[in-house]
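Peer 1: The working numbering applies: residue 439 is where the sequence shown begins, and numbers increase by one. Built from N, CA and C at the ideal position, the CB exists for glycine as well.
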Amino acid sequence: MQPEESTPHEYSREQIGNFHEEMLGSLPDKIKQNYQVLQERSKPFNSFQLIANISHYNHQHDANEYSDYRDGRMFIISEIVAIHCLKSSFKETCEVPALEFYEAVQEIQESTSSYFGLSSALEMDQQYNQNASTLEQITHKLHRDEVVVRNPGHPDYHLLFNSELYEPLKQELTNYFGFSLEESIIIRQQVFKMINERFQVQIKNVKLQASKLVEQVENYKRNGKFPEESPLIKEQFKELKNTPAKRLYKLFLGHYTNEILFNLQNVYAFTAEELAVYCKLSVDSVKKFLTQLSVRFGEVDPNQDLIIANSILKSKPIINHGEYYIIPSFSLLTWSVEPLYENFIKTSPKLSAKFKDNKHDFLLTKGMEYFSRLFSHGTMHPQNLFYEKDGNVCETDGLIAYDTILFVIEAKGNRITSKAKEGNFQRTESHLKDLIKDATLQGKRTVDFIRESGEAVFFTKGKKEIIIIDSKKYDEIFIVSLTLEPVGHLTPLIKVANDLNFFPEHVFPWIISLYDLVVIADHIELDILFLHYLRRRQRFLQFEYFQIYEEIDMLAYYLNNGLYVEHILNEIQENSITGMSFDNNTDAINDYYNYMFGHKKKFTPKVKSHLPEDFIKLLIAIENSSISHRTKIMLEMLSANTESIKKLMAYIKKVRNQYRKDRKLHDCSICFGSGDNQTGITYMIAKDHQELDFMLYHFCLNKFNSLKPVAWVGIGDVDPDNNYNIRCSFIAMVQFEEQ
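Shown next as structure tokens:
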């Protein structure tokens, strides 16, 4: 019998709208129901017992391969449960039957997860505005991410940065808080390791216990004798004698594992003395650290919302009862000390002034260090340069020259305050002006000075060193706003054609956090690829309908496919698509850092560029050459898609083989793109430099004139060995034509 065919039901826009409204209308009741489940099911638990189990579940991850997706596990779930517990006094006893324990914990996990998910959906719907301004989008995202995101930058780099940032004030901080900067870092690095090791010891023990029981049952099977001591009674031996050994092991292991979970507070709760011994620190220092960052049961207002941007656990991520402490969300601890320090620093005008200078110098020094890695062939001019303009002495933080491109760096150490992270538009706008607008205007003032001066004169403090910037040497000048605040999740919202009115016309700065700059410096290994990344990034941000989560997602897509989006633009336009979201793509990068910082043993390589290795070698040869316009030539070559690059390299391999056989001039060319937007590339090889230079010029010029591309570039390889010997070049573009 064939199933009946049914015609798909088509709903009107009005019906779909009604369904949507009905669904939204039901959310408050569903949120309330899930909260009631959390309230009722948590009552019988020992407070530490519940917090330990929910924290343990939500911190579980695959140690061998990082993934943002963890099957519904989220740190905020353990935080919500912890805050709920903190609204009441500590509960010593547990009335949950052992056989029902795991099911009860799972029910609390699931109801809390639903409570959070439904609450988030309702809030997002209330905030949704198809015509929201850039400022509104940034404000909402800042608030939403503050609620749920726990590592706005890589946590290990965060600790490394702060070991340097607060170093000049370490004595004042130690005197006031009673623990040193170094001690705070050691505790934050070691406490999770301590808990994990304690849990692994428990797991090892239960495996031994399970194996011992299996051996007892197997011995009973063989000889019918009961052991002198056993947790099993005789009737159980008789019941289990026909059960296979593997099944017995699984049964016993499950039983003992459930015992661990039932008493998990014994693993997760610790004393100051235990932590001090593990960290090899003084008990006094550890106690003072724990005291500064601890909250006690009953200290949270019973009427406080469970989901807020700046919960008590942000500033006090450790929960204390008696002599014991427990941490529901370890990532909060990583980021909790610096606000504590800076709140203290603000109380002293002298310290505030000192820290402001230290912060700027640290940011600029580290930033220039990472830029020097990105521009191994560039010129890093001295930091904190001055110049005279219109009778005033002005300052620019940094200048970097790379071939015909100049970078103007402006460093901003300002923080985004808690008020802004709570969703305050006015405060968010004020911070963005400090971090972005002011930096861009300062950079634009420097750019104008260079352009207007011809030969712009800069000098260091006291005019100890003079730097001359010849504007005629530079075709392009980038403005960079370098921030200490992690803003990588906000910058993708600032499109080229944004409505912030922060930038002068035709100016689009690169706004980059130090936390993202170090990741880019770690992963982009060729100067020209960094420049190309900036171009592809700007191209990507020209389109309002492209949505991506953070800066490092753009980097990841660049490494994976060059951030190449041209192939989907036609589809978007033809189908009138109004929005396209790109998935988070940072798992491989985070996995590499887990290996690099020793959080996993399995070797994990750095994420490399998708470009063919032989093409990378060609780019290196061009970069190391002295040919004219090498940067422009390489950028045109990089504008080709992957298939065109592979085709070019196959042709080059073929003509190089031909040259090795007959030592005569050979060439190959490709033309890529479509319609009026095509680009051509020629590779030519010969023994004689003069002949090659002449032939390359006329051949490429003929191609440019006959095929009418927007650009044609050529490179000449003079009698190379196994490597390249690039000595000749050609570039012609619609705007100009020169050799």
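(1) If you draw a straight line from the alpha carbon of Asp1155 to that of Arg1165, how long is it in whole angstroms?
(2) Whole angstroms is fine: what's the gap from Ile906's alpha carbon to Thr898's?
(3) Using 10 angstroms around the beta-carbon of Ala501, count the other beta-carbons present and answer buried if the total reaches 16, otherwise exposed.
(4) Suppose only complete runs of 3+ residues qualify. What are the beta strand (DSSP E) ranges in the segment 465-535, listed by chain order?
(5) Tell me the DSSP secondary structure of Gln547 in three-state form.
(6) In angstroms with no decimal places, state the Cα-to-Cα distance between Val895 and Asp876.
(7) Quick check: what's the CA-CA separation for Gln864 versus Ser571?
(8) So the beta strand (DSSP E) His819 belongs to, where does it begin and stop?
(9) Report the CB separation of Glu923 from Ser951 in whole angstroms; it is logged as a contact under 8 Å.
(10) In the DSSP assignment, what are the bridge partners of Trp1150?
(11) Flag Glu833 as yes if its beta-carbon sits less than 8 Å from any beta-carbon of chain D, otherwise no.
(12) Three or more beta-carbon pairs under 8 Å between the segment 486-493 and the segment 697-709, yes or no?
(13) Look at the Cβ atom of Tyr763, then the Cβ atom of Ile756, and state whether they are nearer than 8 Å.
(14) Check each candidate in Ile838, Ile854, Ala747 and His1005 and name the one with the smallest Cα separation from Glu848.
(15) Compute the distance between the beta-carbons of Leu789 and Leu603, then report whether it is under 8 Å.
(16) Span of the alpha helix (DSSP H) holding Asp583?
(17) Using only CA atoms, which one of Lys901, Asp1157, Glu826 and Leu928 lies nearest to Ser891?
(18) Please tell me whether Phe793 and Ile783 are closer than 8 Å, where the distance is taken between their beta carbons.
(19) Which word fits Ser464, buried or exposed, when buried means at least 16 other C-beta atoms lie within 10 angstroms of its C-beta?
(20) Go through the segment 1054-1101 residue by residue and report every complete run of the alpha helix (DSSP H) that reaches 4 residues or more, in order.
(21) Skipping 5 residues on each side, what residues in its chain have a beta carbon closer than 7 Å to that of Asn1160?
(22) Tell me whether Phe845 sits in a helix, a strand or coil according to DSSP, three-state version.
(23) In terms of alpha-carbon separation, which member of His970, Lys901 and Asn496 lies closest to Arg511?
(24) For a quick check, are the C-beta atoms of Asn657 and Tyr553 less than 8 Å apart?
(25) Taking just the CA atoms, how far does Lys718 sit from Arg660?
(26) For a test of the three-state rule: what should DSSP assign to Asp1021, helix, strand or coil?
(27) Considering only residues of the same chain and omitting the five flanking positions on each side of Lys1084, which have a CB-CB separation below 7 Å?
(28) How would you label Leu731, buried or exposed, when you count the other beta carbons within 10 angstroms and need 16 or more for buried?
(29) DSSP has Ser601 in a bridge; who is on the other side?
(30) With DSSP run on the structure shown, which of helix, strand or coil describes Ile905?
(31) Identify the continuous alpha helix (DSSP H) that holds Gly1201 and give its terminal residues.
(32) Where does Ser444 land, buried or exposed, given buried means 16+ other C-beta within 10 angstroms?
(33) What's the C-alpha gap between Asn758 and Val644?
(34) Over what stretch of residues does the beta strand (DSSP E) that includes Val918 continue unbroken?
(35) If you follow the alpha helix (DSSP H) that Leu812 is part of, which residue opens it and which one closes it?
(36) What is the DSSP secondary structure of Ile962, counted as helix, strand or coil?
Peer 2: Straight from the coordinates:
(1) If you take the alpha carbons of Asp1155 and Arg1165, they lie about 6 Å apart.
(2) Roughly 12 Å between the two C-alpha positions.
(3) With fewer than 16 Cβ atoms within 10 Å of its Cβ, Ala501 is classed as exposed.
(4) DSSP runs (the beta strand (DSSP E)) wholly in the segment 465-535: none.
(5) Gln547 carries a helical assignment under DSSP once its states are collapsed to helix, strand and coil.
(6) Roughly 23 Å between the two C-alpha positions.
(7) Across the structure, Gln864 and Ser571 are spaced so that their CA atoms are roughly 14 Å apart.
(8) Counting along the chain, no beta strand (DSSP E) covers His819, and no H or E run does either.
(9) In this structure Glu923 is in contact with Ser951, their Cβ atoms being roughly 6 Å apart against a cut-off of 8 Å.
(10) Answer by DSSP bridge pairing, in chain order: Gly1118 and Ala1170.
(11) The question asks about chain D, but that chain is absent: this structure has only one protein chain.
(12) Verdict: yes, contact present.
(13) Taking 8 Å as the Cβ cut-off, Tyr763 and Ile756 qualify as a contacting pair.
(14) Considering only Ile838, Ile854, Ala747 and His1005, the residue with the shortest C-alpha distance to Glu848 is Ile838.
(15) Contact: no.
(16) Counted as a single uninterrupted DSSP element, the alpha helix (DSSP H) harbouring Asp583 occupies residues Thr572 to Val586.
(17) Comparing Cα positions, the closest option is Glu826.
(18) For Phe793 and Ile783, yes; Cβs fall inside 8 Å.
(19) Flag for Ser464 reads exposed.
(20) Qualifying alpha helix (DSSP H) stretches, in chain order: 1068-1076 and 1080-1100.
(21) Within the same chain, Asn1160 has no close Cβ partners at all.
(22) In the structure shown, Phe845 sits in a strand (DSSP, three-state: E or B).
(23) Nearest C-alpha to Arg511: Asn496.
(24) No; because the gap between Cβ atoms is not below 8 Å, this pair is not in contact.
(25) Those two C-alpha atoms are separated by around 51 Å.
(26) Coil at Asp1021, not helix or strand.
(27) Excluding residues within five positions, the ones whose Cβ falls inside 7 Å are Pro1050.
(28) Looking at its Cβ environment, which holds 16 or more other Cβ atoms inside 10 Å, Leu731 is buried.
(29) Bridge partners of Ser601: none, in fact.
(30) Strand, per DSSP.
(31) The shown model of the chain, from 439 to 1177, leaves out residue 1201, and the question about it has no answer.
(32) Here the model assigns Ser444 a pLDDT of 40, short of 50, so the residue's position is not dependable and the matter cannot be decided.
(33) Cα to Cα, Asn758 sits roughly 29 Å from Val644.
(34) First-last of the beta strand (DSSP E) with Val918: Glu914 to Thr921.
(35) From DSSP, the alpha helix (DSSP H) with Leu812 extends over Pro787 to Leu812.
(36) Ile962 falls in the coil class under three-state DSSP.
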